[in-house]
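Enquirer: Here this note's numbering is used: the first residue of the sequence shown is 3, the next is one more, and so on. Following this message is one structure expressed as structure tokens.
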Amino acid sequence: MASDDEPTTKPSFRDTVTAGLVQKALEPVIRAVREEVAAARQEVRDRVGGARTGLVLVGAAVGAALTTSVLLAGFAVAALALALPLWAATGIVFVVFAVATAVLGVVGVRGLRRGVPPVPKDTLRSARERLTADDADASSGA
């Protein structure tokens, strides 16, 4: 019944040819866009992986700082207390552990900054280069 409501007109030969030409003209553009999107996704995955590594390093820094401070602090203070007053031995051990924790934290934060935000910079640059090259080819061929 629905076929009675709509007139059945076939597209003309000209419309069919035009649609085919438009489709053929757009096909390379669509393919290029899909390739760029795939490259951008891969680059974002790689950058997120770098951020993940940075987070692991920060976690390792925290874990190492806590574990070492608990296990080694007592031993170091006791060893230094043999030659120094207890307050001096405790202060020296504190400074050493604070410096080690800061170094591990800085290395971890650098790893985080490398991967965040996950912007596909390489893909964007190659897409810009491709577009400028295509524009130059189009203008020189015209």
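For each residue, glycine too, the CB sits at the ideal point set by N, CA and C. Keep in mind the model is a prediction, meaning the values are calculated, not measured.
Just to check my reading of the structure: V60 and V111 have Cβ atoms closer than 8 Å, yes? What is that Cβ distance to the nearest angstrom?
Expert: About 7 Å separates the two Cβ atoms, so the contact holds.
Enquirer: When the Cα atoms are used, what is the spatial distance from P30 to R16?
Expert: Those two C-alpha atoms are separated by around 23 Å.
Enquirer: Report, in whole angstroms, the separation of the C-beta atoms of G52 and G113, which I expect to be a contact under 8 Å.
Expert: About 7 Å; that satisfies the 8 Å criterion.
Enquirer: Could you please give the first and the last residue of the uninterrupted alpha helix (DSSP H) stretch that includes L28?
Expert: Unbroken alpha helix (DSSP H) run through L28: 15 to 83.
Enquirer: Can you tell which of D124, A21, P87 has the C-alpha that lies nearest to the C-alpha of V39?
Expert: Nearest option by C-alpha distance: D124.
Enquirer: Applying the criterion that 16 or more other CB atoms from any shown protein chain within 10 Å of the CB defines a buried residue, is V79 buried or exposed?
Expert: When all chains shown are included, V79 counts as buried.
Enquirer: Using the rule of at least 16 other Cβ atoms within 10 Å of the residue's Cβ for burial, across every protein chain shown, is V101 buried or exposed?
Expert: V101 should be labelled exposed.
Enquirer: If you draw a straight line from the C-alpha of A83 to the C-alpha of A42, how long is it?
Expert: Between A83 and A42, the C-alpha separation is close to 59 Å.
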